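Numbering follows the UniProt record's numbering, in which position 103 of the sequence shown is assigned residue number 103; successive positions increment by one, without gaps.
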Amino acid sequence: MPTDPESYVHRIGRTGRAGRSGEAILFVSPRERGLLRMIERATRQPITAMELPTVKMVNDVRLARFKQQIRDSIAGGGLEPFQNAIEELEREDNIPALEIAAALAKLVRKGEPFLLAPERREPEERPPPRGPEPGMAAYRVEVGHLNGLRPGNLVGAIANEARLTSKQIGRIDIQKDHTFVELPAELSDEVLQHLKKVWVAGGQLRITRDGEEPDDAGKRPVKRNLLRGRLFGKPRKP
């Protein structure tokens, strides 16, 4: 990921030198999303996200190519010496021809796996733990694991911007695309409005008290039904 728009423009320009055309593929980590948006604003061009192939899609392509390579080899001829050797091995050791063919294919791979391992399922969000400590309240910020968020990042940002000590910041529960954190219950609206605009790990905090909708349109948050005695409310619908 280029560190500035000028470097990005210079790099992608290499795909079109000498009248040629090409495609530039950009790999972006979750914490670099803010930089990606900055590049889009500077170039005034949206960067289209590509959908990565699944493990099944990759394996299907590998299998299809493998079969085609076998067909091409058969069509090319010159297999007699190998056929004789396989027939001898089959008679001498009583090994089925199918097993011999599989062993030969494995030798060609030289220890590299033929198919990728199945994808691991995304872990389900953890159930909500007990409620906040006395004098504390649950707040939600709109950055999480996908942003590469770490507890230290969040503690440092909130402590600096809200002028809190680390002791005034309680439990932190980082989820896939959001995070719950315990902060003093008496945080003023002025402090909350300031924290909404703070950027951490490439994303804006957009902090709200747990159970309120993010203030995207500049309106006051809308109250939702809270679960008493619990730190974390039900996950919001996307």
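Note that the Cβ used here is the ideal one computed from N, Cα and C, for glycine as well. Keep in mind it's a predicted model, so treat the numbers as computed, not measured.
Bounding residues of the beta strand (DSSP E) (the contiguous stretch that carries Ala137): Counting from 1 along the sequence shown, the entry for residue 137 is found at position 137. Run containing Ala137: 136–141, per the beta strand (DSSP E) assignment.
First and last residue of the alpha helix (DSSP H) that includes Glu190? In the sequence shown, residue 190 corresponds to position 190, counting from 1. Here the alpha helix (DSSP H) through Glu190 covers 189–196.
Are the beta-carbon atoms of Ala201 and Gly135 separated by less than 7 angstroms? Here residue 201 refers to the residue found at position 201 when the sequence shown is read from its first residue. Here residue 135 refers to the residue found at position 135 when the sequence shown is read from its first residue. Taking 7 angstroms as the Cβ cut-off, Ala201 and Gly135 do not qualify as a contacting pair.
One question on the structure: do Glu161 and Leu192 come within less than 7 angstroms of each other, judged by their Cβ atoms? For the purposes of this step, residue 161 is taken as the residue at position 161 of the sequence shown. For the purposes of this step, residue 192 is taken as the residue at position 192 of the sequence shown. Going by C-beta atoms, Glu161 is not nearer than 7 angstroms to Leu192.
Grab me the residues of Met1's own chain with a C-beta within less than 8 angstroms of its C-beta, minus the 5 sequence neighbours each way, in chain order. Taking the first residue of the sequence shown as 1, we reach residue 1 at position 1. These residues qualify, in order along the chain: Leu26, Phe27, Val28, Ser29, Glu32, Leu35, Leu36.
When burial is assigned at 16 or more other CB atoms within 10 Å of the CB, is Ala217 buried or exposed? Here residue 217 refers to the residue found at position 217 of the sequence shown. Reliability fails at Ala217, whose pLDDT of 37 lies under 50, so the model's placement of it is uncertain and no value is given.
Which partner residues does Ile172 have in the DSSP bridge list? Numbered from its first residue, the sequence shown carries residue 172 at position 172. Ile172 is bridged to Val181.
Measure the alpha-carbon distance for Ala85 versus Lys106 and round it to whole angstroms. The sequence position of residue 85 within the sequence shown is 85, counting from 1. The sequence position of residue 106 within the sequence shown is 106, counting from 1. If I take the Cα positions, the gap works out to 17 angstroms.
Excluding sequence positions up to five away, which residues of its chain have a Cβ less than 8 angstroms from the Cβ of Val9? Reading the sequence shown from its first residue, position 9 is the one you call residue 9. Closer than 8 angstroms at Cβ, skipping near neighbours: Thr43.
Could you give the distance in angstroms between the alpha-carbon of Gly111 and the alpha-carbon of Ala103? Here residue 111 corresponds to residue number 111 of the sequence shown, with the count starting at 1. Here residue 103 corresponds to residue number 103 of the sequence shown, with the count starting at 1. Taking the straight line from one Cα to the other gives about 12 angstroms.
With a cut-off of 8 angstroms on the beta carbons, I'd call Gly144 and His178 a contact; round off their distance for me. Counting from one through the sequence shown, the residue named residue 144 turns up at place 144. Counting from one through the sequence shown, the residue named residue 178 turns up at place 178. So it is a contact: roughly 5 angstroms between Cβ atoms.
With a 10 Å radius around its C-beta and 16 neighbouring C-beta atoms as the bar for buried, classify Arg116 as buried or exposed. Against the sequence shown, residue 116 aligns to sequence position 116. Per the sequence presented here, residue 116 reads as Leu, with Arg not at that position. Per the 10 Å Cβ criterion, exposed.
Measuring only the C-alpha atoms, how far is residue 272 from Glu182? Summary: the structure shown does not reach residue 272, with the chain confined to residues 1 through 238, and so no result is reported for it.
Boundaries (first-last residue) of the alpha helix (DSSP H) holding Asp60: As a position in the sequence shown, residue 60 is number 60, starting the count at 1. Per DSSP, Asp60 belongs to the alpha helix (DSSP H) from 55–76.
How long is the line joining the alpha carbons of Gln45 and Ile39, rounded to whole angstroms? What you label residue 45 is simply residue 45 of the sequence shown in a count that begins at 1. What you label residue 39 is simply residue 39 of the sequence shown in a count that begins at 1. Cα-Cα distance, rounded: 8 angstroms.
Terminal residues of the alpha helix (DSSP H) in which Val108 lies: For this step, residue 108 is matched to residue 108 along the sequence shown. Segment 97–109, the alpha helix (DSSP H) holding Val108.
Helix, strand or coil at Arg209 according to DSSP, with G and I counted as helix: Counting from 1 along the sequence shown, the entry for residue 209 is found at position 209. Three-state DSSP puts Arg209 in a strand.
In terms of DSSP beta bridges, what is residue 249 paired with? For residue 249 there is no data in the structure shown, the boundaries of the chain being 1 and 238.
Contact set for Asp4: own chain, Cβ-Cβ below 7 angstroms, skip 5 residues either direction: On the sequence shown, position 4 is the one that residue 4 refers to. So no residue of the chain qualifies.
Span of the alpha helix (DSSP H), counted from its first residue to its last, around Glu23: Residue mapping note: residue 23 aligns to position 23 of the sequence shown, counting from 1. That residue, Glu23, is in no alpha helix (DSSP H); it is neither H nor E in DSSP.
May I ask you to report which of helix, strand or coil DSSP gives Gln83? Counting from one through the sequence shown, the residue named residue 83 turns up at place 83. Gln83 falls in the helix class under three-state DSSP.
I'd like the list of long-range same chain contacts for Ser166, defined as Cβ closer than 8 angstroms, with 5 residues on each side in sequence excluded. For the purposes of this step, residue 166 is taken as the residue at position 166 of the sequence shown. Once the five neighbours on either side are set aside, the close Cβ partners of Ser166 are Val155, Ala159.
Alpha carbon to alpha carbon, how far is Gly19 from Ala64? The sequence position of residue 19 within the sequence shown is 19, counting from 1. The sequence position of residue 64 within the sequence shown is 64, counting from 1. C-alpha separation (whole angstroms): 35 angstroms.
Helix, strand or coil: which one does DSSP assign to Gly233? Translated into positions along the sequence shown, residue 233 becomes position 233. Residue confidence is low: Gly233 scores 45 on pLDDT, short of 50, so the model does not pin down where it sits. No coordinate-derived value is stated.
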